[in-house]
Structures are given as C-alpha cells and as structure tokens.
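> A single structure is presented below for examination.
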DNA sequence: TGCCAGGCCCTCTTTAGGGCCTT
C-alpha cells in the first residue's frame with residue numbers, strides 16, 4: 001500500500017509547458033524531478049522536450065526556454081517514456097499538483113504509459129500550515145521559510161528542488177508542532193484536503 | 001465563428017462570484 005509509506009520518500013516533480021491546459025493543446029517542454037528516500041535526494045531527472053510546435057514569446061520569457069533550445073531537444077514521447085521509468089511506483093508531489101498531474105496524465109496517455117503512485121500538493125498543504133505567509137507561490141514560500149536556492153526560478157529542475165526542500169521543511173514543522181515521529185504520505189494527503197478549522201483534530205488522531 | 005483551464009477556497013455563499021496558483 002503506497003499511501004502508508006513515509007512522506008519523506010517521494011518523487012517531487014515540476015513541468016514547464018507551452019501553456020496552462022493540455023485540453024487546449026498545450027504540451028510539456030521540460031520535466032524536472034528529484035527522488036527523495038528517507039528525506040535525502042538520491043536521484044534527479046531533468047530534460048527539455050520538443051513539443052512539435054513553436055512556443056510563444058511569453059513562455060520563452062517566462063521560462064527562459066527558447067525555441068532554439070527546443071529545436072534540438074528529443075520529442076515528448078521519448079522523454080516521458082524515460083520519466084515514467086524514473087518515477088516507478090513512487091508517490092508524487094508538486095506545487096499546485098493539479099496542474100502537473102494534468103500534464104503528466106496527458107503526456108503519459110499519449111504513449112500508453114501509466115503510474116501507480118498518488119499525487120499530493122505542496123501548495124494546498126502550505127496554505128494550511130503557513131496561513132500567515134504573504135501568499136503561497138513557490139518562490140514566496142521559499143523566502144518565507146528561509147530555504148536556500150540558487151536564484152533560478154521557472155525551470156523544471158530548480159523548481160522541483162525548491163519544492164522538495166519546502167516539502168521536507170513542512171514535514172519537520174509538522175513533526176515538531178504535533179509531536180509526531182513519522183509522517184505518512186496518507187496523512188499529508190488528508191492534510192491537503194482538511195478544512196483549516198479541523199487540522200488540529202486530524203493530527204490528534206495520528207498522534 | 002468564436003470561444004478558450006481547472007480546482008481550491010473564501011464569503012457580503014449555497015439560486016454565486018472572484019481571487020489564488022500553476023505555464
């Protein structure tokens with residue numbers, strides 16, 4: 001049962017894409033991910049991919065990924081096939097996971113691959129844990145929690161690394177605040193869906 | 001042709017609207 005696994009053994013991932021919705025024809029242009037085992041980074045994945053059409057100037061400016069960089073990148077199907085091998089049966093974390101899940105589902109469906117892990121969302125959890133943060137954008141939370149970073153934003157590996165560090169900080173904050181020795185992935189999934197007024201009740205059931 | 005995301009979450013809510021977050 002994958003949900004009973006410790007929450008510090010997951011794959012944290014981030015997509016850069018041509019836009020906001022695969023239903024509108026948008027495609028992935030970069031995937032970045034780090035694999036955590038017992039809270040340590042044991043592997044990482046980063047690859048640009050050619051979506052088969054030119055990306056907008058907005059996306060070039062937003063991500064720093066140019067059409068020239070994508071021209072020589074391997075196609076999405078090759079990259080996503082390798083990425084499906086990378087994630088294996090791990091549980092998955094992303095910041096605003098509904099976005100990344102839509103693209104992962106769409107790109108893997110294109111090549112007939114599947115994953116067996118379960119997604120949860122660092123943003124939904126951060127909204128519950130850090131209700132006094134200025135906002136819950138990834139970059140803001142990294143500053144709010146004084147998490148080290150290299151200044152690179154909106155690139156897939158850099159964002160997945162920052163999300164992973166935020167994830168581990170949230171686990172430590174939960175353990176300290178609620179006096180827990182371990183935190184399961186299932187507990188984090190429940191936290192992401194628990195109304196703010198009932199968070200203490202949730203943790204007391206696990207204490 | 002013209003349109004164009006989608007889910008969460010709050011509130012002056014639930015017969016709804018709008019901000020937040022992701023690219």
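Residue numbers (full-length UniProt numbering): 1 to 207.
Just so it is clear, CB atoms sit at the ideal spot from N, CA and C, and this is done for glycine as well.
This one's a predicted model, so the numbers in the text were calculated from it and none came from an experiment.
(1) My guess is that residue 50 and residue 74 are in contact by the Cβ rule of under 8 Å, so how many angstroms apart are they, rounded?
(2) For residue 189, which of 177, 178, 179 and 203 has the nearest alpha-carbon?
(3) Per DSSP, what kind of secondary structure is residue 23 in: helix, strand or coil?
(4) Could you give the C-beta distance for residue 10 and residue 92, rounded to a whole number, given that I count them as a contact under 8 Å?
(5) Thinking C-alpha only, which one of 5, 152 and 36 is nearest residue 63?
(6) Near residue 77, what residues of its chain come up, given a Cβ to Cβ distance below 7 Å and the 5 sequence neighbours on each side ignored?
(7) Within 10 angstroms of its Cβ, does residue 163 collect 16 or more other Cβ (buried), or is it exposed?
(8) Can you say whether residue 95 is buried or exposed, counting buried as having 16 or more other CB atoms within 10 angstroms of its CB?
(9) May I ask you to verify whether the region 79-93 touches the region 110-129, counting CB pairs closer than 8 Å and requiring at least 3?
(10) Go to residue 17, then tell me how far its alpha helix (DSSP H) extends in each direction, as first and last residue.
(11) On the DSSP letters alone, give me the boundaries of the alpha helix (DSSP H) that residue 131 sits inside.
(12) Whose C-alpha, out of 167, 193, 143 and 35, is nearest the C-alpha of residue 85?
(13) Distance, Cα to Cα, residue 119 vs residue 185?
(14) Cα-Cα, which of 174, 122 and 181 is closest to residue 200?
(15) When the Cα atoms are used, what is the spatial distance from residue 47 to residue 33?
(16) Would you say residue 31 and residue 126 are within 9 Å of each other, going by their C-beta atoms?
(17) Counting C-beta neighbours from all protein chains within 10 Å, is the total for residue 148 16 or more, i.e. buried, or is it exposed?
(18) Quick one: what does DSSP say residue 180 is sitting in, helix, strand or coil?
Reading off the structure:
(1) 7 Å
(2) 203
(3) helix
(4) 7 Å
(5) 152
(6) 110 and 111
(7) Residue 163 sits buried, since 16 or more C-beta atoms from the chains shown fall within 10 Å of its C-beta.
(8) buried
(9) yes
(10) Per DSSP, residue 17 belongs to no alpha helix (DSSP H); it is in the beta strand (DSSP E), 11-17.
(11) Element bounds for residue 131: n/a, residue is neither H nor E.
(12) 35
(13) Spanning the two alpha carbons is a distance of roughly 10 Å.
(14) 174
(15) Between the alpha carbons of residue 47 and residue 33 lies a distance of about 10 Å.
(16) no
(17) exposed
(18) Of the three classes helix, strand and coil, the one that applies to residue 180 here is coil, per DSSP.
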